[in-house]
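A.B. asks: Sharing a structure with you now.
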Amino acid sequence: MEAHERGFFTEENSVEVVTDRNRNAKDERLKQVMEVITRKLHEAVKEIEPTQEEWFQAVMFLTKTGHLCNEWRQEFILLSDVLGVSMLVDAINNRKPSGASESTVLGPFHVADAPELPMGSNICLDQKGEDMVIHGRILDTEGKPVANAVLDVWQANDEGFYDVQQKGIQPDFNLRGVFRTGPDGGYWFRAVKPKYYPIPDDGTVGKMLTALGRHPYRPAHLHFILKADGFETLTTHIFDPDDPYINSDAVFGVKESLLAEFDKVDDAKRAAELEFAGPFWEVEYDFVLARTKGARG
Ligand code: BEZ
Ligand code: FE
């Protein structure tokens, strides 16, 4: 009897042998996922034909990636981000009806307990950076305002750091805030113009990017999570289209529809009304929320 007839493992039958060994898995989804992963992984190994040394290097890369993970840092999510997998999972899980705003990655710097602030507040607590006012409406796909929508915003400072990356340097909750819309669905707040910044690049993912001839930068953006009863939660950004990294985001998060216009305003009267010392940036951007699937016609 030949080896493959007995069910022994060979280079040729590797996928079938491993998949057959998993046949008693109780969870059908797990069985399906492992069948696909086994097939694709073996296909990759057969095409690459790694040396033992290369395989060990790959194992050590994953080992070091795991060692970097703790309560504050998730190097595996970062790996998924730079491989485009986070954006792919996001796309698959956020297929929106036409007209609804698009989603993008959450990123690691959201904090759950940012303060709820009155509309118009200035979320910049350290007076650093170029003043910016941002306003718009939260609408449904028919163009009607969404009242009582909660808009959770966070952004990096003028030097490209989030408050949580500079504890003791930036005030707590600097450049973060939660706002609630009134009956007109409108929102507005003051902040500073965001800057591009590198994703954490002092670990295995940063080394991998360098080896691949890639930079670690994300183009300037503001993060938003929008929630309203009867609507799907939207996790998204708006981007500065003039940013030098707008076409090469390290994590592939940019979408055409998320490019906002950042206009420079030199108007002393408006600056005084906004309590800005001089020229400022203005951004107008409307968000469109999709109704939860059950509530859609
Ligand atoms: C962010 O935009 O905050 C971010 C997203 C993915 C990886 C790192 C940072
Ligand atoms: Fe960010």
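Here the working numbering = 1-based position in the sequence shown + 163. Note that beta-carbon positions come from the ideal geometry of N, C-alpha and C, so glycine has one too.
1) Compare the beta carbon distance of Leu452 and Val355 with 7 angstroms and say whether it is the shorter of the two.
2) Determine whether the beta carbon atoms of Val178 and Arg202 lie at a separation below 7 angstroms.
3) Out of Leu385, Thr367, Ile388, point me to the one whose CA is closest to Pro379's CA.
4) How would you call His230, buried or exposed, if buried means at least 16 neighbouring beta carbons within 10 angstroms?
5) How about Ile255: is its Cβ closer than 6 angstroms to a heavy atom in the ligand BEZ?
6) Is it buried or exposed for Glu238, if we count other Cβ within 10 angstroms and need 16 for buried?
7) Tell me, please, which residues DSSP counts as bridged to Trp218.
8) When every heavy atom of the ligand FE is checked, does at least one fall within less than 6 angstroms of the C-beta of Gly292?
9) Which partner residues does Tyr359 have in the DSSP bridge list?
10) Using the three-state DSSP reduction, which class does Phe425 fall into: helix, strand or coil?
11) Any heavy atom of the ligand BEZ within a distance shorter than 6 angstroms of the CB on Gly247?
12) Any chance the segment 413-426 sits against the segment 384-401, with 3 or more Cβ pairs inside 8 angstroms?
13) Helix, strand or coil, according to DSSP, for Thr398 in the structure here?
14) Closer than 6 angstroms: is that where the CB of Gly323 sits relative to any heavy atom of the ligand FE?
15) The beta strand (DSSP E) that contains Lys390, what's its start and end?
16) Buried or exposed for Phe171, going by 16 or more other Cβ atoms inside 10 Å?
17) Okay, do the segment 210-226 and the segment 343-360 touch, 3+ Cβ pairs below 8 angstroms being the bar?
18) Compute the minimum distance between the beta carbon of Arg343 and the heavy atoms of the ligand BEZ, and state whether it is under 6 angstroms.
19) Smallest Cα separation from Ala434: which of Lys330, Glu293, Ala391, Gly393?
20) Which of the three DSSP states is assigned to Gly349 in this structure?
21) For Lys227, which residues from the same chain have a beta carbon less than 6 angstroms from its beta carbon, with the 5 sequence-adjacent residues on both sides left out?
C.D. replies: Short version:
1) no
2) yes
3) Thr367
4) exposed
5) no
6) buried
7) According to DSSP, which records beta bridges pairwise, Trp218 is partnered with nothing at all.
8) no
9) In the DSSP output, where bridge partners are listed per residue, Tyr359 has none listed.
10) strand
11) no
12) yes
13) strand
14) no
15) 384-390
16) exposed
17) no
18) no
19) Glu293
20) strand
21) Thr367
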